[in-house]
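S.K.:
Number of protein chains: 2
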Amino acid sequence: MANIHDIAKKAGVSVTTVSRVLNNHKYVSEEKRIAVQNVIDEFNYTPNRNAIDLIRGETRQIGVIIPYNNNQAFDQMLHGILNKSIEHEYSVIVLPTTYDAKKELEYLSMLQTKMLDAVIITSRSNNWEAITPFTKYGPIISCEYTDFSEIGCSYIDRYTSYVEAFYLLKERGHERVAFTTAREMESKSTIQTFTAYEEVFGKPSGDYVIFNCYSMQDGYRAAQKLLHIKEKPTAIYANGDEVAAGIYQYAISIGMHIPRDVALLGQENQPIGEALAISTVDHQLIQAGEQAFELAIKKSKDKIKIPYQIIHRSSI
Amino acid sequence: MANIHDIAKKAGVSVTTVSRVLNNHKYVSEEKRIAVQNVIDEFNYTPNRNAIDLIRGETRQIGVIIPYNNNQAFDQMLHGILNKSIEHEYSVIVLPTTYDAKKELEYLSMLQTKMLDAVIITSRSNNWEAITPFTKYGPIISCEYTDFSEIGCSYIDRYTSYVEAFYLLKERGHERVAFTTAREMESKSTIQTFTAYEEVFGKPSGDYVIFNCYSMQDGYRAAQKLLHIKEKPTAIYANGDEVAAGIYQYAISIGMHIPRDVALLGQENQPIGEALAISTVDHQLIQAGEQAFELAIKKSKDKIKIPYQIIHRSSI
DNA sequence: CTGAAAGCGCTAACAC
DNA sequence: GTGTTAGCGCTTTCAG
């Protein structure tokens with residue numbers, strides 16, 4: 001509707017002066033400032049953000065790449081990011097990929113089109129070689145550790161945490177331990193889980209690992225397999241509390257007792273795990289999200305490690 | 001970096017021609033089209049979105065007002081909205097209010113600044129009189145029914161659903177029924193719950209209703225009160241499955257059996273409810289979100305009712 | 001303290 | 001088919 005020229009004309013000043021009062025510049029006489037403000041109020045005028053963004057070359061919008069938006073773990077990181085975005089007056093755009101590498105690249109190119117000031121990657125499909133070129137257009141922050149110096153990281157030291165979790169299970173007397181992972185071997189956290197497992201127990205038997213677990217249902221299905229192996233595992237390390245809950249549910253349904261018949265350890269300290277009293281490794285994802293946001297707006301390439309903690313409940 | 005002029009100059013054509021190939025206009029000779037495309041590829045050029053948005057007067061960005069971003073119910077709606085946004089090539093900006101009315105108004109004014117093409121309100125703090133003026137700047141869609149003709153609605157018929165839920169409990173022989181709600185009496189769904197309750201059971205006794213329940217912990221605390229009343233309720237209708245899970249957890253912890261000692265009915269068919277086999281009223285929030293998005297981009301002011309369904313499990 | 005004017009990067013009449 | 005040009009709405013030198 002009304003633009004800055006209309007305001008200027010009506011107030012009998014130049015657009016420059018209007019711009020000055022809009023941006024609280026000094027060197028505007030109180031008289032004109034009031035005159036302009038009156039017209040602004042009268043017209044209920046608000047400056048056009050696109051024009052400002054165009055000229056400033058920034059939008060105060062940051063994008064968050066997540067694979068699924070209905071996954072508790074990513075929601076936690078998003079939660080942390082949103083916390084900080086409000087504090088710093090940024091807007092956040094949610095960019096769900098369903099692990100589609102092409103879509104991920106499209107999202108990254110929103111840096112180049114100047115639509116986004118920065119992007120935070122909570123989980124990725126492309127390799128870093130494909131991602132880093134986009135840092136030329138704006139900061140890219142990862143919630144996973146990477147050596148690439150162009151990428152700032154607010155990361156979880158998953159390897160250490162996995163090793164500790166497996167040792168914990170071992171200490172409790174478990175030798176036959178199974179685990180679930182979110183993705184196949186192309187994912188770093190899956191590989192880390194494997195490596196940590198090997199360090200503690202040696203190479204995992206093929207039927208002790210179940211891939212592609214995201215939801216409770218996936219956990220349920222995993223348990224259907226794991227708990228019917230002849231040499232069935234005495235403990236299961238799930239890659240999330242929802243998955244653990246599914247395992248729990250199935251175990252109970254076939255009359256097993258937890259932890260007597262099978263011990264269960266989850267991840268991320270989600271409400272459902274609390275409800276079922278499942279012990280869990282809390283990677284403090286909210287904090288990871290908050291830190292990621294800070295790195296993003298600072299255009300920092302630091303590598304910040306987020307501490308984890310094990311929460312003991314009654315499932316192991 | 002490079003802009004459309006650079007491309008034009010390098011390709012030996014006018015900016016118009018470049019713009020034409022960018023937007024797949026016809027009436028560009030194959031020869032020039034190729035020449036331009038080559039330069040575009042060579043420079044890895046992408047048009048600036050702010051410039052385009054400025055001139056077009058739209059951003060293909062829609063905002064979603066939610067109170068909390070870590071609440072399963074709102075996540076479900078957001079999920080539906082994101083589904084459709086990808087399909088239609090829109091971006092979605094998450095706008096968490098924590099029920100701060102002032103912040104909500106600020107978000108609404110993003111329509112006026114032309115930052116957003118539309119906004120979807122999943123839950124509001126302001127009254128409609130304060131909200132409707134913003135429809136002058138762009139479509140506002142509500143996930144709650146309202147008579148205001150300026151507002152499109154993709155709504156749940158909560159009143160009917162609540163009545164049915166309470167009748168169901170009554171049929172099962174329950175006379176002393178308690179319930180939880182998310183907010184105090186200023187919220188429409190709270191009022192609807194009250195009215196529905198009255199229709200079925202008459203005026204609720206004050207200690208049979210617990211306000212401000214959002215999370216499992218809130219449910220736990222609600223149960224701590226409800227299950228220690230002398231005339232304790234024989235059934236509880238929770239305002240979400242997470243809340244129901246908290247109630248479940250506390251009931252179990254004091255040795256009660258569900259549904260024998262207390263029946264439990266949840267809402268929204270969330271994973272946690274499935275895990276605990278809690279019967280639930282599924283308001284199909286994902287679908288509500290999808291429909292809301294469709295209304296938003298169609299600039300429709302239709303009032304669409306989303307059907308609900310009761311899922312029978314073993315908690316009642 | 002104030003304003004004219006030159007852009008930011010792009011689209012779309014309009015003319016040729 | 002193609003190019004010239006006038007904006008979109010704002011910020012920011014640069015002169016007064």
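Heads up: the protein sequence lines correspond to chains U and W, in order.
Letter by letter, the first sequence follows residues 1 to 316 of the UniProt record's numbering.
Letter by letter, the second sequence follows residues 1 to 316 of the UniProt record's numbering.
Ideal placement from N, C-alpha and C gives every residue a C-beta, glycine not left out.
Treat the numbers as computed from the prediction; the structure is a model and nothing was measured.
Residue 75(U) CB to nearest chain W CB: under 8 Å?
M.R.: By one-based count along the first sequence, residue 75(U) stands at place 75. Yes, contact with chain W.
S.K.: Which first and last residues belong to the alpha helix (DSSP H) in which residue 252(W) is found?
M.R.: Along the second sequence, read from residue 1 onward, the residue named residue 252(W) stands at position 252. Where residue 252(W) is concerned, the enclosing alpha helix (DSSP H) stretches over 241-253.
S.K.: Apart from the five residues on each side of it in sequence, which residues of its chain come closer than 8 Å, Cβ to Cβ, to residue 47(W)?
M.R.: Along the second sequence, one-based indexing puts residue 47(W) at 47. Excluding positions up to five away in sequence, the list reads 4, 22.
S.K.: For residue 207(W), which residues in the same chain have their Cβ closer than 6 Å to its Cβ, ignoring the five residues on either side in sequence?
M.R.: One-based indexing of the second sequence puts residue 207(W) at position 207. Excluding residues within five positions, the ones whose Cβ falls inside 6 Å are 229.
S.K.: Are any of the Cβ atoms in chain U nearer than 8 Å to that of residue 314(W)?
M.R.: Your numbering for residue 314(W) matches position 314 in the second sequence. So no, residue 314(W) is outside the interface.
S.K.: Taking only beta-carbon positions, decide if residue 96(W) is within less than 8 Å of chain U.
M.R.: In the second sequence, residue 96(W) corresponds to position 96, counting from 1. Judged by the 8 Å Cβ criterion, residue 96(W) is in contact with chain U.
S.K.: Quick check on the burial criterion: 16 or more other C-beta atoms within 10 angstroms. Buried or exposed for residue 205(W)?
M.R.: Start at 1 with the first residue of the second sequence, and residue 205(W) comes out as number 205. Under this definition residue 205(W) is an exposed residue.
S.K.: Count the other CB atoms, across all protein chains shown, that sit within 10 Å of the CB of residue 55(W); report buried if there are 16 or more and exposed otherwise.
M.R.: Translated into positions along the second sequence, residue 55(W) becomes position 55. The residue is exposed, with fewer than 16 neighbouring Cβ atoms inside 10 Å.
S.K.: Between the UniProt domain "HTH lacI-type" (2-56) of chain W and chain U, which residues of the former have a C-beta closer than 7 Å to a C-beta of the latter?
M.R.: Going along the UniProt domain "HTH lacI-type" (2-56) of chain W in chain order, one finds 46, 47, 48, 49, 50, 51, 53, 54 with a Cβ nearer than 7 Å to chain U.
S.K.: Assuming residue 247(W) and residue 263(W) are in contact, meaning their beta carbons sit under 8 Å apart, how far apart are those beta carbons, in whole angstroms?
M.R.: Walking along the second sequence from the start, residue 247(W) turns up at place 247. Walking along the second sequence from the start, residue 263(W) turns up at place 263. Not really, about 11 Å apart at Cβ, beyond 8 Å.
S.K.: Quick one: is residue 59(U) near chain W, going by C-beta distance under 8 Å?
M.R.: Position 59 of the first sequence holds residue 59(U). Interface residue, yes.
S.K.: In three-state DSSP terms, what is residue 282(W)?
M.R.: The residue you call residue 282(W) lines up with position 282 of the second sequence. DSSP places residue 282(W) in strand when its eight states are reduced to three.
S.K.: Could I get the ranges of all uninterrupted alpha helix (DSSP H) runs contained in the segment 88-152 of chain W, with 4 residues as the minimum, in chain order?
M.R.: 101-112, 128-131, all fully within the segment 88-152 of chain W.
S.K.: When you check each C-beta in the segment 91-117 of chain W against every C-beta of chain U, which residues fall closer than 7 Å?
M.R.: Against chain U - using a Cβ distance shorter than 7 Å - the residues of the segment 91-117 of chain W are 91, 92, 93, 94, 96, 109, 112, 113, 114, 115.
S.K.: In chain order, what residues of the same chain have a beta carbon less than 8 Å from the beta carbon of residue 2(W), not counting five sequence neighbours either side?
M.R.: Here residue 2(W) refers to the residue found at position 2 when the second sequence is read from its first residue. Same-chain partners within the cutoff: 43, 45.
S.K.: So residue 279(W) and residue 257(W) are in contact, right, with Cβ under 8 Å, and what is the actual spacing, rounded?
M.R.: One-based indexing of the second sequence puts residue 279(W) at position 279. One-based indexing of the second sequence puts residue 257(W) at position 257. Not confirmed; about 15 Å, so no contact.
S.K.: Could you confirm whether any beta carbon from chain W is found closer than 8 Å to the beta carbon of residue 245(U)?
M.R.: Reading the first sequence from its first residue, position 245 is the one you call residue 245(U). So, interface residue.
S.K.: Classify residue 253(U): buried if its beta carbon has 16 or more other beta carbons within 10 angstroms, exposed otherwise.
M.R.: Start at 1 with the first residue of the first sequence, and residue 253(U) comes out as number 253. Result: exposed.
S.K.: Am I right that residue 151(U) and residue 140(U) are in contact with their C-beta atoms under 8 Å? What's the rounded C-beta distance?
M.R.: Here residue 151(U) corresponds to residue number 151 of the first sequence, with the count starting at 1. Here residue 140(U) corresponds to residue number 140 of the first sequence, with the count starting at 1. With 8 Å as the limit, residue 151(U) and residue 140(U) qualify as a contact, their Cβ atoms being about 6 Å apart.
S.K.: Taking the alpha carbon of residue 239(W) as the reference point, which residue from 306(W), 191(W), 60(W) has its own alpha carbon closest?
M.R.: Counting from one through the second sequence, the residue named residue 239(W) turns up at place 239. Residue 191(W) is the option with its Cα nearest to residue 239(W).
S.K.: Could you tell me the boundaries of the alpha helix (DSSP H) in which residue 166(U) lies?
M.R.: Taking the first residue of the first sequence as position 1, residue 166(U) is located at position 166. Note, residue 166(U): alpha helix (DSSP H), 158-171.
S.K.: Assuming contact is defined by CB atoms lying nearer than 8 Å, are residue 144(U) and residue 188(U) in contact in what I supplied?
M.R.: Taking the first residue of the first sequence as position 1, residue 144(U) is located at position 144. Taking the first residue of the first sequence as position 1, residue 188(U) is located at position 188. Yes; because the gap between Cβ atoms is below 8 Å, this pair is in contact.
S.K.: Under a three-way DSSP split, which group does residue 229(U) fall into?
M.R.: Along the first sequence, read from residue 1 onward, the residue named residue 229(U) stands at position 229. Here residue 229(U) sits in coil by DSSP.
S.K.: Using beta carbons (cut-off 8 Å, strictly below), is residue 65(W) in contact with chain U?
M.R.: As a working note, residue 65(W) is residue 65 in the second sequence. No - not a single Cβ of chain U is within 8 Å of the one on residue 65(W).
S.K.: Would you mind telling me which residues of chain U sit closer than 9 Å to residue 297(W), beta carbon to beta carbon, in chain order?
M.R.: Within the second sequence, the letter at position 297 stands for residue 297(W). Going along chain U, no residue has its Cβ under 9 Å from residue 297(W), so there is no contact; the nearest lies around 16 Å.
S.K.: With DSSP as the reference, label residue 180(U) as helix, strand or coil.
M.R.: As a first step, residue 180(U) is located in the first sequence; it is residue number 180 there, counting from the start. Note: residue 180(U) maps to strand in three-state DSSP.
S.K.: Check residue 219(W) in the structure and name its three-state DSSP category.
M.R.: Counted from its first residue, the second sequence places residue 219(W) at position 219. Correct three-state label for residue 219(W): helix.
S.K.: Mind checking residue 124(W): buried by the 16 CB within 10 Å criterion, or exposed?
M.R.: On the second sequence, residue 124(W) is found 124 positions in, with the first residue counted as 1. Burial call: buried.
S.K.: Mapping DSSP to helix, strand and coil, what is residue 54(W)?
M.R.: Walking along the second sequence from the start, residue 54(W) turns up at place 54. DSSP places residue 54(W) in helix when its eight states are reduced to three.
S.K.: With residue 13(U) as the anchor, note down where its beta strand (DSSP E) starts and where it stops.
M.R.: If you number the first sequence from 1, residue 13(U) lands on position 13. No beta strand (DSSP E) holds residue 13(U); DSSP gives it neither H nor E.
S.K.: Of the residues that make up the segment 266-285 of chain W, which ones have a beta carbon closer than 8 Å to any beta carbon in chain U?
M.R.: Listed by position along the chain: 271, 272, 274, 275, 276.
S.K.: Taking the DSSP output, what are the residues bridged to residue 209(U)?
M.R.: On the first sequence, position 209 is the one that residue 209(U) refers to. For residue 209(U), which the question treats as bridged, DSSP gives the partners 179(U).
S.K.: Could you have a look at residue 291(U) and say whether DSSP puts it in helix, strand or coil?
M.R.: Here the question's residue 291(U) lines up with position 291 in the first sequence. Three-state DSSP puts residue 291(U) in a helix.
S.K.: Would you decide whether residue 77(W) is buried or exposed? Buried here means 16 or more other CB atoms lie within 10 Å of its CB.
M.R.: The count along the second sequence starts at 1 and reaches residue 77(W) at position 77. Buried, by the Cβ-count rule.
S.K.: Whole angstroms is fine: what's the gap from residue 265(W)'s alpha carbon to residue 159(U)'s?
M.R.: Taking the second sequence and counting its residues from 1, one reaches residue 265(W) at position 265. Taking the first sequence and counting its residues from 1, one reaches residue 159(U) at position 159. The alpha-carbon atoms of residue 265(W) and residue 159(U) are separated by roughly 41 Å.
S.K.: At what residue ranges does the segment 254-280 of chain U contain a whole run of the alpha helix (DSSP H), taking only runs of 4 or more?
M.R.: Qualifying alpha helix (DSSP H) stretches, in chain order: 271-275.
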